[in-house]
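S.K.: Just so we're aligned, residue 18 is where the sequence shown starts under my numbering, counting upward by one.
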Amino acid sequence: MKILSLIFVLGLAITLTQPIFADFNKDKLNDEDIVRVQNLLAKLEPLIKEREAAQSLATLTFDEVYSPLNEEDKAFLKEFQNLKGDELGVTIPYRQIATGKENLVVMKNQKILLKGEPYVIPPQYLPPNVCQRYLEMMQAMEKDLGKRLYVESGYRSSAYQLYLFVYYLKNHDYSIRETTKWVALPGYSEHGAPQFQAIDFISADGISGEEKPEEFENLEEYKWLLKNANRFNFILSYPRGKPGITFEPWHWHYEE
Ligand SMILES: [Zn+2]
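#1: Report the three-state DSSP secondary structure of K134 (helix, strand or coil).
#2: Would the C-beta of A115 count as close to ligand 1, meaning under 7 Å from any of its heavy atoms?
#3: Judging by CA-CA distance, which residue of A75, P139, Y167 is the nearest neighbour of C148?
#4: Let me confirm a value: A280 is counted as buried when at least 16 other C-beta atoms fall within 10 Å, else exposed. Which label applies?
#5: Answer yes or no: do A246 and K164 have a C-beta to C-beta separation smaller than 8 Å?
#6: Could you give the distance in angstroms between the alpha-carbon of L64 and the alpha-carbon of S84?
#7: Could you tell me if G209 is buried or exposed, where buried requires 16 or more neighbouring beta carbons within 10 angstroms of its beta carbon?
#8: Quick one: residues in its chain with C-beta nearer than 6 Å to the C-beta of G223, no 5 flanking neighbours on either side, listed in chain order?
#9: For A215 and R248, I'd like the C-alpha separation in whole angstroms.
#10: Could you pull the start and end residues of the alpha helix (DSSP H) that A75 belongs to?
#11: What does the alpha-carbon distance come out to for the pair I138 and E119?
#12: Going by DSSP, what residues sit across from I216 in a beta bridge?
#13: Taking three-plus beta-carbon pairs below 8 Å as touching, is the region 43-50 in contact with the region 191-206?
#14: When DSSP labels each residue in this structure, what does Y255 get in the three-state scheme?
#15: What residue does the beta strand (DSSP E) around S170 start on, and which one ends it?
#16: Is any heavy atom in ligand 1 found nearer than 7 Å to the beta carbon of H189?
#17: How should A115 be labelled, buried or exposed, when 16 other C-beta atoms within 10 angstroms of its C-beta is the threshold for buried?
#18: Report the CB separation of L202 from V107 in whole angstroms; it is logged as a contact under 8 Å.
#19: Leaving out the 5 sequence neighbours to the left and right, which residues in its chain are closer than 8 Å to P230 when beta-carbon positions are compared?
#20: Pick helix, strand or coil for Y191, following the three-state DSSP scheme.
#21: In three-state terms, what does DSSP make of I129?
#22: Look up V52 in the DSSP assignment and say whether it is helix, strand or coil.
#23: How is L143 classed by DSSP in three states: helix, strand or coil?
#24: For a test of your reading of the model: does the CB of S175 fall under 7 Å from any non-hydrogen atom of ligand 1? Yes or no.
#25: May I have the straight-line CA-CA distance separating L33 from L100, to the nearest angstrom?
#26: Does ligand 1 have a heavy atom nearer than 7 Å to the CB of D217?
#27: From G171, Y177, Q212, G258, pick the residue whose C-alpha is nearest to that of Y111; which is it?
This is the structure we're talking about:
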């Protein structure tokens with residue numbers, strides 16, 4: 018009996034000391050939470066820098082992103098990991114979680130011109146079947162147009178997506194709701210969903226979605242994709258005129 022009540026008291030004490038952040042203001046984090054975000058990012062910075070230098074940020078795992086953190090930070094980051102898109106007005110569908118441990122191929126040495134200067138795209142990762150179909154599609158495009166598109170952005174793990182979400186809060190006045198309009202929550206990005214793997218394309222002379230979406234839309238290569246990509250299992254994820262969706266002509270995903 019005594020042991021049971023001791024266990025009960027201990028259990029209660031542990032429950033009470035677990036930090037609870039679930040009530041954070043989704044429209045604007047309070048000052049205390051903003052400081053928590055900044056401290057969290059400072060603790061993650063060495064890891065991020067290291068992975069950036071090794072060009073392997075895209076395969077960051079959850080274990081790795083949580084490893085430099087104490088229990089309180091972990092619980093705080095977990096709150097972001099657990100955010101539900103439908104409670105925040107997110108209109109893109111939930112896809113899946115990418116662990117960072119999937120079988121992936123690395124695409125190195127993609128050479129293009131960027132603002133007229135030779136540029137090598139940093140290594141990009143793709144599931145092998147997606148890479149294979151992408152290469153077949155490009156072969157067909159080359160044959161028809163004498164041109165091809167390159168992979169500006171492929172796979173990124175959900176842990177890296179989580180980091181990106183927290184990192185970009187500062188650009189949106191620390192509003193979670195506003196940030197979801199620009200940065201996908203983990204699980205919602207097709208870059209981190211191998212069954213729906215997305216590719217952001219860039220042209221040989223550096224036209225991508227980054228700055229000028231209408232320029233990408235005017236590319237012959239884009240028009241070719243509209244006619245032919247479906248044959249290779251690639252689908253335009255965010256077409257023009259779909260309610261609640263921002264048009265992204267460069268972003269296509271693979272689906273069997
Ligand atoms: Zn994309």
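All C-beta atoms in this analysis are idealised placements derived from N, C-alpha and C, irrespective of residue type, glycine included.
M.R.: Reading from the atomic positions:
#1: Here residue 134 is Glu; the residue named in the question, Lys, does not match the sequence. In this structure, E134 counts as strand in the three-state DSSP scheme.
#2: no
#3: Y167
#4: No statement about residue 280 is possible, as the shown extent of the chain runs from 18 to 273 and does not include it.
#5: no
#6: 9 Å
#7: buried
#8: I129, L130, L131
#9: 16 Å
#10: Counting along the chain, A75 falls outside any alpha helix (DSSP H), and DSSP gives it neither H nor E.
#11: 22 Å
#12: W269
#13: yes
#14: coil
#15: 166-170
#16: no
#17: buried
#18: 7 Å
#19: F264, E265, P266, W267
#20: coil
#21: strand
#22: helix
#23: strand
#24: no
#25: Reliability fails at L33, whose pLDDT of 43 lies under 50, so the model's placement of it is uncertain and no value is given.
#26: yes
#27: Q212
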